[in-house]
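Below is one structure, written out as structure tokens; comments come after it.
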Amino acid sequence: RKEVEQDPGPFNVPEGATVAFNCTYSNSASQSFFWYRQDCRKEPKLLMSVYSSGNEDGRFTAQLNRASQYISLLIRDSKLSDSATYLCVVTGSTGTASKLTFGTGTRLQVTL
Amino acid sequence: DTGVSQNPRHKITKRGQNVTFRCDPISEHNRLYWYRQTLGQGPEFLTYFQNEAQLEKSRLLSDRFSAERPKGSFSTLEIQRTEQGDSAMYLCASSLVAGEQYFGPGTRLTVT
């Protein structure tokens, strides 16, 4: 079983739609959680951190459920510029807390 | 531009040759990471430095791979006796705190 699992997509949505991505992680001792965004042939960029209380940044909302080991990302009012691959990321437990473990990514294509 | 820089951006080499990549992190960041990414996959952790100390190495980092960060600033990743399976994007990242890592543009290695 992969440490971080995501649906690879692609998710094809029209502009203005709301879209949700999910991922699950296997290490219950993981300490920190993130969503990164990666454009085609570019480096990953931090989109947002994820907290159990949920957090919002403009049109983006992230949520963590530690009991279910489940992370979500909701994008409202999708823009063409949101088209990218969204990577679910966790850090390890104490002692391995620095390394990032990435999912394979979920590809989003927003269309007119 | 004060982001993470990597050189070269592209490297084509013949199987069996040695290659070396360089990463210059964001200047105030004491943590530096190397990852490898192949098509359709998320980045995979290779190794991590805090200042000049190499604190963690993945089992992916075979004995043909070596990384250094001699003065706690830039880092080099060397691959000896390259194999076709080494073809990938090699990404460097730096951070002040674990998790919020800033990636460079990567070095794309093609082994022929």
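Heads up: the sequence lines are chains A and B, in that order.
Using this note's numbering, you'd call the opening residue of the first sequence number 103 and step up by one each time.
Using this note's numbering, you'd call the opening residue of the second sequence number 1123 and step up by one each time.
The beta carbon of each residue, even a glycine, is placed where N, CA and C say it ideally should be.
- In the structure shown, B:SER1209 adopts coil according to DSSP, grouped into three states.
- With distances taken between CA atoms, A:ASN124 lies nearest to A:VAL106 out of A:ALA131, A:ASP179 and A:VAL106.
- Among the residues of chain B, those whose CB is under 7 Å from the CB of A:LEU189 are GLY1164, following chain order.
- Considering only beta carbons, the part of the region 137-149 of chain A lying closer than 8 Å to chain B consists of LYS144, GLU145, PRO146, LYS147 and LEU148, in chain order.
- Within the region 127-182 of chain A, the runs of beta strand (DSSP E) at least 3 residues long that lie entirely inside it are, in chain order, 135-140, 146-151, 157-159, 162-167 and 172-177.
- Interface flag for B:ALA1175 against chain A is unset, since no Cβ pair is found closer than 9 Å.
- Counting only Cβ-Cβ distances below 8 Å, B:GLN1139 has no contacts in chain A at all, with the closest Cβ about 24 Å away.
- Around the beta-carbon of A:LEU182, fewer than 16 other beta-carbon atoms lie within 10 Å, marking it exposed.
- Secondary structure note for A:ASN114: its beta strand (DSSP E) is the uninterrupted segment 113-116.
- Closer than 7 Å at the C-beta level to chain B, one finds no residue of the region 155-170 of chain A.
- Under the DSSP assignment, A:ALA186 falls in the beta strand (DSSP E) whose first and last residues are 186-193.
- In the displayed model, A:ASP109 falls within coil according to three-state DSSP, outside both helix and strand.
- A:SER132 and A:PHE162 have their alpha carbons spaced roughly 23 Å apart.
- Between the alpha carbons of B:PHE1167 and A:ALA119 lies a distance of about 34 Å.
- For B:LEU1213, the neighbours in chain A by C-beta distance under 9 Å run, in chain order, GLU145 and PRO146.
- Residue state for B:SER1127 is assigned as strand, using DSSP reduced to three classes.
- For the 9 Å CB-CB criterion, B:LEU1231 and B:LYS1133 form a contact.
- In the structure shown, the three-state DSSP call for A:VAL121 is strand.
- Within the same chain, Cβ atoms closer than 7 Å to the Cβ of B:GLU1178 are found at THR1169 and TYR1170, the five residues on either side in sequence being excluded.
- Under the 10 Å beta carbon count, A:TYR153 is surrounded by fewer than 16 other beta carbons and is classified as exposed.
- Neighbours of A:THR206 in chain B, taken as residues whose beta carbon is under 9 Å from its own, are GLY1162, GLN1163 and GLY1164 in chain order.
- The beta carbon of B:PHE1196 sits no closer than 9 Å to any beta carbon of chain A.
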